[in-house]
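In full-length UniProt numbering, the protein residues as written are 1 to 792. Glycine is no exception: its CB is placed at the ideal position from the N, C-alpha and C atoms. Bear in mind the structure is a predicted one, so any value in this text is a computation, not a measurement. Below you'll find the structure, written out as structure tokens, and then a few comments.
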């Protein structure tokens, strides 16, 4: 036989040994061998697929084992707090870096801790502040013991000097309160320049009271970025001056855990400090960024540094650079999610993973695995045949997730709608709607704004939109959808018992239509506290132009007369021309704003009250600002229209003299401007205290006429003071005379004579400082400068 070529299969494979069989089968016409070959090929392909599946499972297990081993290494050691080789405890206080005990254990000298022995055991001291430390948190807070200031107390050392943290990375936290304890106590916080920056006062009562609500004890918030202050005391009268008084800064949580009477046996109280790291100190730490991350199953130990967003990575922590309120670059670090990490983010490898599987039980046939920022049960028997099931499960899970997210969004919208309805009813919205639908004149001018509209207008009440803030609330600059600029006042609290009174006041104030009164445009009652919307006044306060000289807009003699006339006319309108007489109760130069044409506008009706025609006075707790406060109202708590006249008289004297309502420095510290003014007139030394510009531009006759009018407004007896309407008319005549440059001012306007003996001892009782703080017999509050932009 000749050579026979091997038969080739259609896929190109050769089978020479099967030729005789194939020849025989072909002769029989049967294609059995082809079916056998096909079956063998399928079996071979199936074996190859199973091998690939097994390899995938093995690779998955390998990667999970590697990740699990890394995470368990993180869990194995306890998360460190101090630097290696340094003491981590002093007594029962944990010392965390950047704080430290001993050389090389702290970041710089400000963070040095000395562990000092005492009769009660070791106690840590913050070296350069000389304060005992009771708690250190790596989240940027520090609790210390801060001394109490005593006044007129036996066996107690009197000192108004408090801790000075200037130049340090420490600030007194906003979680602290400034408090004073004592009958008739007036305690002030003063800056190094002897300027009052805070304070509160209390009234006397023989009834026992363990709370600090203005009776024998008062409290108030402190300014932001506070590093140093001094404490001083004043007394309401000669009797309370002899009594023992305390003043102190304290963590606000202290009031809820301690009886206020315990303060008598204490020498210091807990105070919370905040600490920050300057951006320049970050070089001390170094940086840590892992490389060679090639597997998709491994997660980085920290987020990748992103220089464009100011994010830096250090060990297992994430650090962010930001600019603080003092415009310095700071660093803040964290360990990420507290559910999965713990430790000190300021140490290399200081953040350790938690064993989240420790208290978690998985179903049979699976084990719990700790992974990056998560944990879960994993089945060890993963076969390729389950790929389809997993795919179906993943698809179902994704669908279910989207469904849950959509449902959660709808539920959130529903809850938000119900909350808005709840707040609207609680804040008197139904009552206001009834009055709006009643058809009364001018009621329709009160506009009800939606919460979403005001949130959009203020960029969700962004801190950068804040115009002013204080005890009554915070004022934000906003732009409505129609492009109108407004001021939105967000109150800090609401008295649910006075909702009807609040709504009536809103309706009344919205009806005020006077060019020299800031217009209330409307309100929003859908938020937790009501939001009031006012017209925006751009050019600051009269107080700024009187006491901070401004070359762009100098206060000439004619300008001062014009502003005084406009303010007097506005107050007269509120007293007599409005629908109901309205008493402002806090007339002062910082509540008089200047619009784009420097016209005067009266603002801040937070303490104002309207009365019926039949009423002659209003009996309330004492509200107002020292230096402007009517002495008669202070003693009787009965506010009349003549009380506003007195406050205007102080503003008039401010315009004449250019001096502040309370003297805060020198030999006459604490003396009121009103008392000094009357004394100068009594001794015929008026022109010694008149502002130099006024003396240069004004004529003495006109100045004397205005001074006499101011003196009548400052009469201690309210009955002897002129009505605001008469004051406005007198000022209009004076202004016209000055404009006409008349030489007959002294003949046109009679200088009212007064009895010098009327200047009695009552002035000494009210010559007290605290020009920048409102007084409330129940609780103190700081002044708010709403509706005004202070940036020039």
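Through-space distance from residue j to residue i, alpha-carbon basis
i	j	result
residue 360	residue 340	14 Å
residue 210	residue 230	26 Å
residue 675	residue 659	12 Å
residue 703	residue 164	46 Å
residue 421	residue 529	13 Å
residue 692	residue 437	56 Å
residue 539	residue 475	15 Å
residue 130	residue 144	10 Å
residue 519	residue 242	47 Å
residue 602	residue 501	22 Å
residue 333	residue 191	32 Å
residue 562	residue 625	24 Å
residue 258	residue 417	40 Å
residue 738	residue 730	12 Å
residue 632	residue 681	21 Å
residue 146	residue 251	10 Å
residue 406	residue 412	10 Å
residue 542	residue 183	35 Å
residue 456	residue 352	41 Å
residue 697	residue 557	6 Å
residue 574	residue 468	25 Å
residue 362	residue 389	20 Å
residue 663	residue 560	22 Å
residue 694	residue 722	24 Å
residue 350	residue 317	8 Å
residue 272	residue 119	25 Å
Simplified DSSP state of residue i, which is helix, strand or coil
i	result
residue 185	strand
residue 104	coil
residue 516	coil
residue 377	strand
residue 836	No answer is possible for residue 836: it lies beyond the span of the chain, which begins at 1 and ends at 792.
residue 552	coil
residue 586	coil
residue 528	coil
residue 631	helix
residue 369	strand
residue 399	helix
Nearest candidate by alpha-carbon position, reference residue i, set the options
i	options	result
residue 819	656, 738, 499	Here the chain has residues from 1 to 792 only, and residue 819 is not among them.
residue 482	581, 454, 274, 397	454
residue 653	564, 634, 597, 253	564
residue 110	737, 169, 463	169
residue 431	335, 677, 507	507
residue 585	345, 597, 629	629
residue 547	344, 376, 566, 589	589
residue 82	487, 343, 685	343
residue 480	450, 503, 502	450
residue 244	601, 185, 196	185
residue 689	700, 346, 671, 656	656
residue 219	366, 600, 336, 189	189
residue 706	596, 650, 717	650
residue 276	151, 222, 142, 349	142
residue 486	466, 503, 423	466
residue 531	448, 643, 634	448
Same chain, Cβ closer than 8 Å to residue i, neighbours up to 5 away in sequence not counted
i	result
residue 114	101, 124, 125, 127
residue 106	97, 98, 99, 100, 112, 113
residue 263	148, 181, 246, 248, 269
residue 206	none
residue 266	148
Residue i Cβ short of 7 Å to the ligand ATP heavy atom set
i	result
residue 391	Absent from the structure shown: the ligand ATP. Ligands present: none.
7 Å CB neighbourhood of residue i in its chain, flanking five on each side removed
i	result
residue 473	489, 490, 491, 492, 784
residue 167	none
residue 226	171, 172
Own chain, CB closer than 6 Å to residue i, minus 5 neighbours either side, in chain order
i	result
residue 122	90, 91, 115
residue 685	none
residue 138	96, 344
residue 709	730
residue 217	181, 202, 260
residue 733	none
Beta carbon proximity, residue i to chain D, threshold 8 Å
i	result
residue 573	Structure shown: chain D not included; a single protein chain is present.
**Message:** To test your reading of the DSSP string, which unbroken beta strand (DSSP E) runs of 3 or more residues are found completely within the region 448–491?
**Reply:** 466–469, 473–479, 485–491
**Prompt:** Which parts of the region 98–154 are runs of the beta strand (DSSP E), unbroken and 3 residues or longer, counting only runs that do not cross its ends?
**Reply:** 112–116, 123–126, 131–137, 141–147, 149–151
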